[in-house]
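J.: Chains U and W, in that order, are what the protein sequence lines are. So that you can map any letter, position 177 of the first sequence is 177 in our numbering, and since no number is skipped, the others follow by simple counting. So that you can map any letter, position 186 of the second sequence is 186 in our numbering, and since no number is skipped, the others follow by simple counting. A virtual CB, placed ideally from N, CA and C, is assigned to each residue, including glycine.
2 protein chains.
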Amino acid sequence: MKSGSTAISARTADAILVAARKRFSSHGYDASGLRAIADLAGVNVALIGRYFGSKEGLFLAAVPPTLDISWLLSGPMSEFGTRAATIMDMRSIRGFDPMLALIRAAASPVCAPALKTALDRQVIAPLAGRLDGVDAEARAGMILATMAGYDLMMRVIGIEALRGGVGAQRRSSLAAALQHIVDGDTGRG
Amino acid sequence: MKSGSTAISARTADAILVAARKRFSSHGYDASGLRAIADLAGVNVALIGRYFGSKEGLFLAAVPPTLDISWLLSGPMSEFGTRAATIMDMRSIRGFDPMLALIRAAASPVCAPALKTALDRQVIAPLAGRLDGVDAEARAGMILATMAGYDLMMRVIGIEALRGGVGAQRRSSLAAALQHIVDGDTGRG
DNA sequence: TCACTTATTAAACGACTGTTTAATTTGTTT
DNA sequence: AAACAAATTAAACAGTCGTTTAATAAGTGA
Numbered sequence: 001m002k003s004g005s006t007a008i009s010a011r012t013a014d015a016i017l018v019a020a021r022k023r024f025s026s027h028g029y030d031a032s033g034l035r036a037i038a039d040l041a042g043v044n045v046a047l048i049g050r051y052f053g054s055k056e057g058l059f060l061a062a063v064p065p066t067l068d069i070s071w072l073l074s075g076p077m078s079e080f081g082t083r084a085a086t087i088m089d090m091r092s093i094r095g096f097d098p099m100l101a102l103i104r105a106a107a108s109p110v111c112a113p114a115l116k117t118a119l120d121r122q123v124i125a126p127l128a129g130r131l132d133g134v135d136a137e138a139r140a141g142m143i144l145a146t147m148a149g150y151d152l153m154m155r156v157i158g159i160e161a162l163r164g165g166v167g168a169q170r171r172s173s174l175a176a177a178l179q180h181i182v183d184g185d186t187g188r189g
Numbered sequence: 001m002k003s004g005s006t007a008i009s010a011r012t013a014d015a016i017l018v019a020a021r022k023r024f025s026s027h028g029y030d031a032s033g034l035r036a037i038a039d040l041a042g043v044n045v046a047l048i049g050r051y052f053g054s055k056e057g058l059f060l061a062a063v064p065p066t067l068d069i070s071w072l073l074s075g076p077m078s079e080f081g082t083r084a085a086t087i088m089d090m091r092s093i094r095g096f097d098p099m100l101a102l103i104r105a106a107a108s109p110v111c112a113p114a115l116k117t118a119l120d121r122q123v124i125a126p127l128a129g130r131l132d133g134v135d136a137e138a139r140a141g142m143i144l145a146t147m148a149g150y151d152l153m154m155r156v157i158g159i160e161a162l163r164g165g166v167g168a169q170r171r172s173s174l175a176a177a178l179q180h181i182v183d184g185d186t187g188r189g
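Put into structure tokens, the structure is as follows:
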């Protein structure tokens with residue numbers, strides 16, 4: 001290497017990223033110490049600084065790129081509600097969960113701007129493109145807000161009313177709410 | 001005073017509570033240092049420990065009691081959506097905001113249990129009592145989730161699509177989404 | 001094996017955290 | 001004014017934070 005530029009090992013950098021994603025989604029940004037992340041990755045703390053510059057740099061590299069909903073946009077939009085609600089409820093809480101990382105990092109002022117940019121480009125825009133009718137962007141925002149609010153209340157806070165003992169036959173409240181926004185029934189009249 | 005019990009001044013305790021509420025709702029639980037709260041209240045840090053025991057005790061005394069929606073349940077439920085959406089958008093960001101405090105403290109494991117209890121008793125239960133139709137509790141949870149998600153995305157993250165350049169004539173996406181849950185159109189059929 | 005670069009680590013830095021102890025001011029009563 | 005309790009403060013505690021520096025280990029080509 002010519003001068004004092006940083007030297008990297010892709011294997012180690014990935015291990016740090018994986019550990020950071022797990023920790024950020026399970027404990028949030030503020031409560032995730034760099035030493036805890038480094039221990040989880042099996043490396044020394046100093047490597048985080050060398051590879052990602054700072055804690056903020058690590059978060060920016062770890063979380064925002066994972067925020068997308070492409071896995072939800074394939075398929076007919078007439079079944080978006082049930083499809084989204086099903087996947088939302090089937091997610092395992094173990095490991096990394098982008099939505100939980102988003103919710104638990106939102107309070108931090110250093111994370112919010114990057115989250116906003118990523119959500120605008122990777123969630124709102126592609127989702128709005130699949131919505132018919134008026135105010136597609138605003139409705140896409142409402143869909144994102146509804147899903148995030150559901151996770152905030154059910155997984156982060158632990159509200160049990162949302163777990164809804166509904167039988168497999170009836171549509172869940174989440175599916176109904178989401179589909180209504182997709183269909184664009186603005187209730188005029 | 002007989003023995004070593006604590007001595008309190010209601011005026012000072014209130015000043016601390018007011019400062020704590022402001023700080024918790026604007027900066028979140030983790031990012032709110034006790035010294036910053038004490039400075040905002042114009043008192044010494046040690047007084048917080050003497051009056052509320054710990055940072056957790058201060059939060060429990062400050063935020064959970066303010067979580068209620070009685071101000072939204074007076075009036076016809078047929079206009080709940082527009083009423084809620086209007087108030088949600090008219091709130092000033094200055095001062096104390098219970099919903100923002102809730103969102104920004106949710107990531108902290110010491111806050112979540114108390115928030116859950118307060119929301120169950122002071123939001124879900126009274127709201128469900130005003131809902132007709134099936135699954136009132138689950139739908140009450142969805143209403144809370146929708147409002148919280150809206151605030152999370154619009155006020156905390158700053159998603160602008162939700163600010164919706166909608167004219168005053170058309171109903172906002174938030175109002176439509178909320179009213180749909182209230183009406184209980186589960187879309188069966 | 002030697003030299004050299006890459007990769008990783010141990011250790012320390014100053015700053016800040018929540019909490020506690022002891023000293024001091026303020027206010028009231030005798 | 002003297003005595004006492006109530007209320008507040010300054011200072012220190014041990015711990016953790018993100019970050020940086022210097023030393024060590026691992027890997028590679030000559």
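At least one CB of chain U closer than 8 Å to the CB of W:V63: is that the case?
T.: For the purposes of this step, residue 63 of chain W is identified with residue 63 of the second sequence, where counting begins at 1. By this cut-off, W:V63 is not an interface position.
J.: Mind checking which residues open and close the alpha helix (DSSP H) that includes U:T66?
T.: Here residue 66 of chain U refers to the residue found at position 66 of the first sequence. Here U:T66 belongs to no alpha helix (DSSP H), and DSSP marks it neither H nor E.
J.: Hey, would you say W:I159 sits closer than 8 Å to U:G75, going by beta carbons?
T.: Here residue 159 of chain W refers to the residue found at position 159 of the second sequence. Here residue 75 of chain U refers to the residue found at position 75 of the first sequence. The answer is no: Cβ separation not under 8 Å.
J.: Return helix, strand or coil for U:V45, following the three-state DSSP convention.
T.: The sequence position of residue 45 of chain U within the first sequence is 45, counting from 1. The answer is helix: DSSP assigns U:V45 an H, G or I state.
J.: In chain U, what lies closer than 7 Å to W:E137 by C-beta?
T.: Walking along the second sequence from the start, residue 137 of chain W turns up at place 137. Near W:E137 (Cβ distances below 7 Å), the residues of chain U are A161.
J.: Against chain U, with Cβ distances strictly below 8 Å, would W:M142 count as a contact?
T.: Looking up residue 142 of chain W in the second sequence gives position 142. At least one chain U Cβ lies under 8 Å of W:M142.
J.: Shorter than 8 Å from the beta carbon of U:D120 to some beta carbon of chain W?
T.: In the first sequence, counting from the first residue as 1, residue 120 of chain U sits at position 120. U:D120 counts as touching chain W.
J.: Which residues of the stretch 13-31 of chain W have a Cβ closer than 7 Å to any Cβ of chain U? Give them in chain order.
T.: G28, D30 and A31
J.: State the DSSP-derived secondary structure class of U:V18, mapped to helix, strand or coil.
T.: Working through the first sequence from its first residue, we reach residue 18 of chain U at position 18. Three-state result, U:V18: helix.
J.: Go ahead and label U:S3 buried or exposed: buried means 16 or more other beta carbons lie within 10 angstroms of its beta carbon, across all protein chains shown.
T.: Residue 3 of chain U sits at position 3 when you count from the first residue of the first sequence. Residue placement at U:S3 is flagged as unreliable, the pLDDT there being 37, under the threshold of 50; a coordinate-derived value is accordingly withheld.
J.: Using a C-beta to C-beta distance shorter than 7 Å, which residues of chain W count as neighbours of U:K116?
T.: For the purposes of this step, residue 116 of chain U is taken as residue 116 along the first sequence, with counting starting at 1. Result: I157, G158 and I159.
J.: Across the stretch 99-107 of chain U and the stretch 43-63 of chain U, are there enough close Cβ pairs to call them in contact, namely three or more that are closer than 8 Å?
T.: yes
J.: Mapping DSSP to helix, strand and coil, what is W:P109?
T.: Position 109 of the second sequence, counted from the first residue, corresponds to residue 109 of chain W. In this structure, W:P109 counts as coil in the three-state DSSP scheme.
J.: Quick check on DSSP: helix, strand or coil for U:I159?
T.: As a working note, residue 159 of chain U is residue 159 in the first sequence. Reduced to three states, the DSSP call for U:I159 is coil.
J.: Could you run through the stretch 54-81 of chain W and flag, in chain order, every residue whose CB is less than 7 Å away from some CB of chain U?
T.: none
J.: Going along the chain, which residues of its own chain have a beta-carbon closer than 8 Å to the beta-carbon of U:G129, five neighbours each way excluded?
T.: Residue mapping note: residue 129 of chain U aligns to position 129 of the first sequence, counting from 1. The answer, listed in chain order, is A136.
J.: Need the endpoints of the alpha helix (DSSP H) that U:I87 sits in, please.
T.: In the first sequence, residue 87 of chain U corresponds to position 87, counting from 1. Looking at the DSSP string, the run of the alpha helix (DSSP H) that includes U:I87 is F80 to M90.
J.: Using a cut-off of 8 Å between C-beta atoms, extract the partners of U:L152 located in chain W.
T.: Indexing the first sequence from 1 puts residue 152 of chain U at position 152. Result: I103, A106, A145, A148, G149 and L152.
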